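First comes the structure, then the notes that go with it.
Number of protein chains: 2
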Amino acid sequence: MLPLSQTTGYALRAMRCLQEPGGHPVLVESVADYTGIPRSYLSKLVHKLAKKGLVTARRGHHGGVVLARPAAEITLEDLSNAIDGVAWQNRCLLGLSGCSGETPCVLHTFWQETLAAILIRLRSVTLADMARHHDPGVERFRADHGLSDPAGQRHVQKQVVRA
Amino acid sequence: MLPLSQTTGYALRAMRCLQEPGGHPVLVESVADYTGIPRSYLSKLVHKLAKKGLVTARRGHHGGVVLARPAAEITLEDLSNAIDGVAWQNRCLLGLSGCSGETPCVLHTFWQETLAAILIRLRSVTLADMARHHDPGVERFRADHGLSDPAGQRHVQKQVVRA
DNA sequence: CACAATGAGGATCCATCGGTAATCTAACAA
DNA sequence: TTGTTAGATTACCGATGGATCCTCATTGTG
């Protein structure tokens, strides 16, 4: 019922390897080799992300994939919505089709507050935040592919969530 | 990756129809008819809940299902754990098998805090809380089956969750 | 004991998700 | 134009979750 599928994890890992808009395209194959994500599956995933406007893909010589927006403007929520959709945010916890704001089920308010808290957190983390976190693997990858190093800081921004 | 499957919703709806330990057993078929949950599927679900020690089922004449613990001592977390298990609580958001407390991924702390917040909320709601919420449907069901009315208050206890 | 009531359990079906492989097609270079 | 290098597309496989049907096993009643 809740999202954040394995594929969303793939998307996160893959997009960490990409350049900001205008930068050098990276091959799907390179990303697959480095991350361990199956190539064919990653190819479809990239295509999906392209359709959602999160990345730009070009075929042929010097083709590859680039971020379609600055990393600082791509949140975990964007990824989740692109891949898992938003249907789960409207589903009744009890599975009642008639449950809504006007005719709420016993747990309607409780559940909506829970979902809101989750979404706030997902919205608080961007790709840029992830890049700021020290990660030898990704840094080596970027170096190997002649990509810019986005930053040097540590740790994802600490967040406080209230119901 | 996250739990709270459709089946967990079924379990919630079904267990709301049951009596406290020592009370009258209710037929699986009655619960199925009232809730709309498919009988055969509910039968298996009840069996699973029985194995997990949440309900007691007896076959034959005057058989049926009863809660194995007081409704006030059965939380949403209990239901979730019984049906969806706890594996999702230990999975890395990025899907990295090597991610753990000692070798955390970029989002390890963020994700653990998110899960903790969710669990706190799930732990804060009991079957008894749900019963206190006014619900004509369930009340009619209980009356039809000669079951006690657990309370008369309204609304699930308001919860505050902090990261 | 025989029968009826009632949960337990097996076989099977269908949709979705993760995954694989082969082929098609756009982009560029020589 | 021809060939090579990419991503795009299609078909298909296997595992899992939800669901159905039919039969088995247990429990109480007369």
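Each protein sequence line maps, in turn, to chains A and B. Using this note's numbering, the first residue of the first sequence is number 577, and each one after it goes up by one. Using this note's numbering, the first residue of the second sequence is number 577, and each one after it goes up by one. We put the CB at the ideal spot given by N, CA and C, even for glycine. Owing to the predicted nature of the structure, the values given are computational and were not obtained by experimental measurement.
Chain-ordered neighbours of residue i on chain B, where CB pairs are closer than 8 angstroms
{"i": "TYR610/A", "result": "Near TYR610/A there are no residues of chain B at all, since even the closest Cβ is about 13 angstroms away, more than 8 angstroms."}
Sequence-distant residues of its chain with Cβ nearer than 7 angstroms to residue i (five each side left out)
{"i": "LEU588/A", "result": "LEU655"}
{"i": "GLY598/A", "result": "none"}
{"i": "PHE741/B", "result": "Nothing about residue 741/B can be read from this structure; chain B reaches only from 577 to 739."}
{"i": "SER619/B", "result": "VAL604"}
{"i": "LEU672/A", "result": "CYS681"}
{"i": "LEU669/A", "result": "LEU683, TRP687"}
{"i": "CYS675/B", "result": "CYS668, CYS681, HIS684"}
{"i": "THR583/B", "result": "LEU621, ILE659"}
{"i": "HIS721/B", "result": "VAL602, SER606"}
{"i": "GLY640/B", "result": "PRO601, VAL602, LEU603, ARG634"}
{"i": "PRO712/A", "result": "none"}
{"i": "ALA719/B", "result": "none"}
Cutoff 8 angstroms; reference residue i; Cβ partners in own chain excluding five residues on either side
{"i": "THR702/A", "result": "ALA647, ALA648, GLU649, ILE650, THR651, LEU652"}
{"i": "ALA644/B", "result": "PRO597, ALA626, GLY629, LEU630, VAL631, THR632"}
{"i": "HIS623/B", "result": "ALA633"}
{"i": "TYR586/A", "result": "THR611, ILE613, TYR617, LEU618, LEU621"}
{"i": "HIS637/A", "result": "none"}
Beta-ladder partner(s) of residue i, from DSSP
{"i": "THR611/A", "result": "In DSSP, THR611/A forms no bridge with anything."}
{"i": "LEU643/B", "result": "VAL631/B"}
{"i": "VAL602/B", "result": "VAL641/B"}
{"i": "THR702/B", "result": "THR651/B"}
Sequence-distant residues of the same chain with beta carbon closer than 6 angstroms to residue i, five excluded per side
{"i": "HIS626/A", "result": "Position check: residue 626/A holds Ala in this sequence, whereas His was assumed. Contacts found: ALA633."}
{"i": "LEU691/B", "result": "GLN665"}
{"i": "GLN729/A", "result": "Bear in mind that a pLDDT of 40 at GLN729/A, under 50, signals an unreliable position, so the model cannot answer this."}
{"i": "SER581/B", "result": "ASP660"}
{"i": "GLY677/B", "result": "none"}
{"i": "VAL737/A", "result": "At VAL737/A, the pLDDT of 36 sits below 50, so the modelled position is not reliable; the number obtained from the coordinates is stated separately. Cβ neighbours of VAL737/A beyond the five flanking positions: ALA693, ILE696, ARG697."}
{"i": "GLY579/A", "result": "Before going further, note that residue 579/A is Pro rather than Gly in the sequence given. So the list reads SER656, ASP660, TRP664, once near-sequence residues are dropped."}
Contacts that residue i makes with chain B (C-beta to C-beta distance below 9 angstroms)
{"i": "ALA692/A", "result": "Per Cβ cutoff of 9 angstroms: no residues; ALA692/A is ~11 angstroms from chain B at best."}
7 angstroms Cβ cut-off: residues of chain B touching residue i
{"i": "LEU670/A", "result": "GLY585, LEU588, ARG589"}
{"i": "ASP711/A", "result": "VAL682"}
Whole-Å CB distance - residue i paired with residue j, under 8 angstroms assumed
{"i": "ALA608/A", "j": "PRO614/A", "result": "7 angstroms"}
{"i": "ALA663/A", "j": "LYS628/A", "result": "That belief does not hold up - the Cβ atoms of ALA663/A and LYS628/A are roughly 15 angstroms apart, past 8 angstroms."}
7 angstroms Cβ cut-off: residues of chain A touching residue i
{"i": "GLN665/B", "result": "Those within 7 angstroms of GLN665/B in chain A number zero; the least Cβ separation is about 12 angstroms."}
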